[in-house]
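The listed protein sequences derive, respectively, from chains A and B. Following the working numbering, the numbering of the first sequence begins with 24 at its first residue and continues without gaps. Following the working numbering, the numbering of the second sequence begins with -14 at its first residue and continues without gaps. In what follows, a single structure is set out as structure tokens and then discussed.
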Amino acid sequence: MAANQLVDDEEVMLSMSPLIDCVFLLLIFFLVTTMAKKDTKEVKDLNYPISRSSLEVPPDDQIFAIAIDADAKIYVEGKPSSIGELLDDLKELEQNDPERRIRLDTDADTPFYRLAEVLDALSFRNLSNVGVRTYHEKYD
Amino acid sequence: MGPNSRKPLLIALGIASVLAIVVSLVLYLNEDLRRSTFVMLEKTVNEKGEEEIRVKVEKPKPNKEQVEKISRTRERQKRDKLKEKAEEIRKTVKEMARVEEALRQKLSAKNEWSAIAELADKLDASFDSLTTEFADQKTLENDPDVLPAIFHMRRQVRELLKKVQSFVEVKPDPEEAGGYLADVRKMTEDEGAVRGRIMQNAEKWTLTRREKIDEADRLGQEYLKAVQQLVGVPPAVGIEPDDPVVFEEDLEEPGSDVLDSLPTDAEFENMTTGELYESIQDMTQLMDGVFAENRAAELAMMENITMEQATDRIYAPKTDTGPDVGKALDAMNPANLEQFQKYSEMLNQVERSAENMARTAANRLGQVSPAANDGNKATQTAQQLRQAIQQQAQARSQMQMLADNAGRAKGNVQDMRALMAQSYQNGFSGRPAPDTGGIAPSLNASMSASMSPSYQNGFSGSQGSEEGGVVLSQTFKTSMDPGGGGRSGKEKASAPIRLDLNQVLQQAIPGRRLDQNATRKGWVFIDTWYIIGPWARPLKDSFDSKFPPETAIDLDATYPGKINPKTGKSATLEWRFVQTENIRVNPPDEISDAVYYAYTEVFAERAMEVMVAVASDDLAKLWINDFVVWQDEGLSSWRLDEGFRRILLKPGYNKVLVRVENGPAVCYFSVLMCPLDMLQAASK
């Protein structure tokens, strides 16, 4: 009997439940960490100008996105806006958070006068943390 | 090896299959992780008629319950936002209506004291010229005590004037009126004593001087008589029974129809989202109406015309109230995904328009009489408001006089600092101006410095023509009140400025920020403008007709412009961004007989005294922070030194609006600014 008991003890038994626990933990871990963020401030149908000397910057939720499309229409934070509204927004921005990063998305065909106008408004409001978004083969 | 030996293998197989299932599950569920996907291809025909093969994307569809749940949550979020905006707009409308009420009150405020106030004004003017007349060395030689006595008199008259102006606002009680009568009597007695003293040695004084003192005496007597008459009658009889104005503090809650129609908090609470949006639209329209009336009342007050005439002359701006989707929004009850997307899009749209409306309302409030922009609105009583408006109106009309360049020699200088300081203080007392951020505290200090008595004196002196006398009276005054500071006394009052044209043209730098620590200093020409035009130029009294930008600046607005004689149609005007490296700005779309407006903002690091030079071809009018600073009529060609104005910029952003009119041929304008201390440093 005693010998028999010993034999029984030696039998390898792999309990499945902790394994499955582990696997699901892993699964959840990956699901959570790989959530791809969508850029909600992006404007559709913008054909970014091509550049050869751009830097990749980490995505930033706090960024203030201004976009100008090929028809010189202005978008603020991804929503259609106008120059008067943009100027008001910049006024607010200067008071509340002058160091906030600003991203300027333009189309390759954006009229230059509009770009100059927006850049001038930015510099007049003393907002200097401005970046321009471009297309670069290496990163995009 | 028994059958036991297979067990591990089976287990391994089990683990492997579990892993495989897990990975495929992950890939199936998370689109971002997989490189390719199983898709159905579908053939479609695009707009150009070409065949295209497209991926048919099928996503799991939420069921009806889920959709309803999401849309309810979404609606609740947007509703809260809308409510917030609605409350903002309501507050703005209320504030505007309050100002309007006060303005109207002011317009119709003619009680029996206003006649007295006019007399007091005359008396004050007479003493002003008397003081100027007597303030020189000769007086001190003839009778050293006369001059201080005259200054004392003048101060008394000032006090009387101020008091009577406050009586026009609020009727005094009999006791106060009696006290006032005593004051007036004392003043006339003092004045009689001074006159007697002068007349004793009449041969020492010139004829004009004697005449002046006689006139002051006569006016003083007249004044006394008028006050006596008024105070003598029982006060209640003063007001006609059918007098429309009630001089009581019933203005705390302006009970006009406007405010009655505004919804209450409870009503907001009970509204559906669509109704809330409609209510916002209604309030915005109401706000437009109140704003237009506000501007009209201001204009009526400035130009002494009736409210109806003023309403005709101003442009009533219409705020874009967004799409009328309130009803549709309430009717919608999304059951599937497509409907929900539409619904959500509509909610977004509604939210955006509500935001825009609230913003426009806030901007408009900033444009109505700055007196209303006091931070502590609750503590400002209707009476204070009316007083502020009164002072504002006085300052404005005085400024208008100074601004007019007609008949003034080229290179003339007018000093508007004191008036502007007074107006700013009126409108900005104790509040951090919204435009200025952290710079605001310096405002009050510098403003009150510039409000010192001698400064005021300097203002009245600088428009006089007898420079010698004026300068002396200023220095004298300074030595009399030691606290006053001799700021304006040091400056030569109104010596015309000669600009070395070439030098300025070469050295003026473009910009619109006046920073203290700028590397390059000197004249700055404003190089960035938003310009709109052309409108048809009125044939005569051109400045009387007002175009939309004079009522409200809205850079997104479009207006019908001058009618093209060839097509018979008017062009649609919009603001255009103009940046130039030339001192002279040439409006785009330049045609003859046209009116253009140019708008920009100038940044001043602190409250800054600035010399402004405006030059134009042909007519021009300049507003700074809604105050007329320059007005030049007549078809003149562009000259850099047409005239100069000393003005005061508040810290932060200052609005600059120019109206240029073109007669025949070319059209140019230029606005140059230079901080006064730099000018003085340069001239030393």
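The beta-carbon is built from N, C-alpha and C at its ideal position, and this holds for glycine as well.
Using CA atoms only, rank isn't needed, just tell me which of the options is closest to residue i.
i, options, result
"Y581/B", "L558/B, V595/B, T565/B and P308/B", "L558/B"
"Q665/B", "Q616/B, V595/B, N289/B and D113/B", "V595/B"
"Q407/B", "R522/B, L634/B and E86/B", "L634/B"
"K171/B", "V142/B, M184/B, K66/B and Q185/B", "V142/B"
"G637/B", "D92/A, F52/A and E117/A", "E117/A"
"E336/B", "L261/B, M405/B and K147/B", "L261/B"
"N127/B", "A187/B, Y165/B and S151/B", "A187/B"
"G642/B", "A592/B, I516/B and S555/B", "It is Leu, not Gly, that sits at residue 642/B in the sequence shown. The residue with the shortest Cα to Cα distance from L642/B is I516/B."
"L244/B", "M138/B, K76/B, Q369/B and A600/B", "K76/B"
"F325/B", "E575/B, A277/B, I55/B and V30/B", "I55/B"
"L104/B", "K66/B, A134/B and G205/B", "G205/B"
"E80/B", "A1/B, F276/B, L10/B and E252/B", "F276/B"
"K554/B", "W560/B, R561/B and G546/B", "G546/B"
Drop a sphere of 10 angstroms on the beta-carbon of residue i, count the other beta-carbons inside from all chains shown, and report buried for 16 or more, exposed for fewer.
i, result
"R39/B", "exposed"
"Y544/B", "buried"
"E19/A", "Nothing in the structure corresponds to residue 19/A, since chain A is present only between 24 and 163."
"Y653/B", "buried"
"Q90/B", "buried"
"K67/A", "exposed"
"T58/B", "exposed"
"P426/B", "Confidence in P426/B is poor, its pLDDT being 39 and thus under 50, which makes the residue's placement too unreliable to answer from."
"M331/B", "buried"
"P(-7)/B", "exposed"
"T56/A", "exposed"
"S655/B", "buried"
"Y13/B", "exposed"
"R505/B", "exposed"
"G423/B", "In this prediction, G423/B has a pLDDT of 36, which is less than 50 and means its spatial position is unreliable; what the coordinates show is noted afterwards. Under this definition G423/B is an exposed residue."
"G163/B", "exposed"
"T191/B", "exposed"
"M384/B", "buried"
Can you tell me where the beta strand (DSSP E) holding residue i begins and where it ends?
i, result
"T258/B", "Segment T258 to E288 is the alpha helix (DSSP H) holding T258/B; no beta strand (DSSP E) there."
"I374/B", "No beta strand (DSSP E) holds I374/B; the alpha helix (DSSP H) holding it covers A367 to A388."
"D617/B", "F612 to D617"
"L642/B", "G637 to N647"
"R561/B", "R561 to Q564"
"E575/B", "Careful: E575/B lies outside any beta strand (DSSP E) and carries neither H nor E."
"Q501/B", "Taken as a continuous stretch (DSSP letters only), Q501/B belongs to no beta strand (DSSP E), as it is neither H nor E."
Can you tell me where the alpha helix (DSSP H) with residue i in it begins and where it stops?
i, result
"C659/B", "Careful: C659/B lies outside any alpha helix (DSSP H), inside the beta strand (DSSP E) at Y653 to P660."
"R126/A", "From DSSP, R126/A is part of no alpha helix (DSSP H) but of the beta strand (DSSP E) over I125 to T129."
"I106/A", "I106 to N119"
"A71/B", "K49 to S93"
"N127/B", "Q122 to N127"
"S9/B", "K(-8) to L14"
"P495/B", "Segment I494 to G496 is the beta strand (DSSP E) holding P495/B; no alpha helix (DSSP H) there."
"Y165/B", "P159 to Q185"
"S146/A", "F135 to F147"
"Q85/A", "Q85/A -> no alpha helix (DSSP H), and no H or E assigned at all."
Does the distance from the CB of residue i to the CB of residue j come in under 9 angstroms?
i, j, result
"N610/B", "N647/B", "no"
"T193/B", "E118/B", "yes"
"V78/B", "A346/B", "yes"
"V563/B", "W615/B", "no"
"M286/B", "A167/B", "no"
"I548/B", "L657/B", "no"
"L115/B", "K197/B", "yes"
"A282/B", "R298/B", "no"
"F87/A", "R124/A", "yes"
"L113/A", "L54/A", "no"
"S527/B", "E618/B", "yes"
"V30/B", "A320/B", "no"
Contact criterion: CB-CB distance below 9 angstroms. Does residue i meet it with respect to chain E?
i, result
"R344/B", "Here chain E cannot be found, since the structure's protein chains are A and B."
Return yes when at least one heavy atom of the ligand HEM lies under 8 angstroms from the C-beta of residue i, else no.
i, result
"I265/B", "Questions concerning the ligand HEM fall outside what the structure shown contains, since it holds no ligand whatsoever."
Of the residues that make up the region 494 to 509 of chain B, which ones have a beta carbon closer than 8 angstroms to any beta carbon in chain A? R497 and R498
Given a limit of 7 angstroms on CB to CB distance, which residues of the region 83 to 107 of chain A reach chain B? K102, S105, I106 and G107
For the region 512 to 530 of chain B, enumerate the residues whose C-beta is nearer than 9 angstroms to any C-beta of chain A, in chain order. T513 and Y515
Can you list, in chain order, the residues of the region 34 to 53 of chain A whose Cβ is nearer than 9 angstroms to any Cβ on chain B? E34, V35, M36, L37, M39, L42, I43, V46, F47, L49, L50 and F53
Please list, in chain order, the residues of the region 122 to 143 of chain A that have any C-beta partner in chain B closer than 9 angstroms. Y136, R137, A139, E140 and D143
Report the residues of the region 175 to 201 of chain B with a CB closer than 7 angstroms to any CB of chain A, ordered along the chain. none
Determine which residues of the region 540 to 566 of chain B have a Cβ less than 7 angstroms from any Cβ of chain A, and write them out in chain order. L540, D541, F562 and Q564
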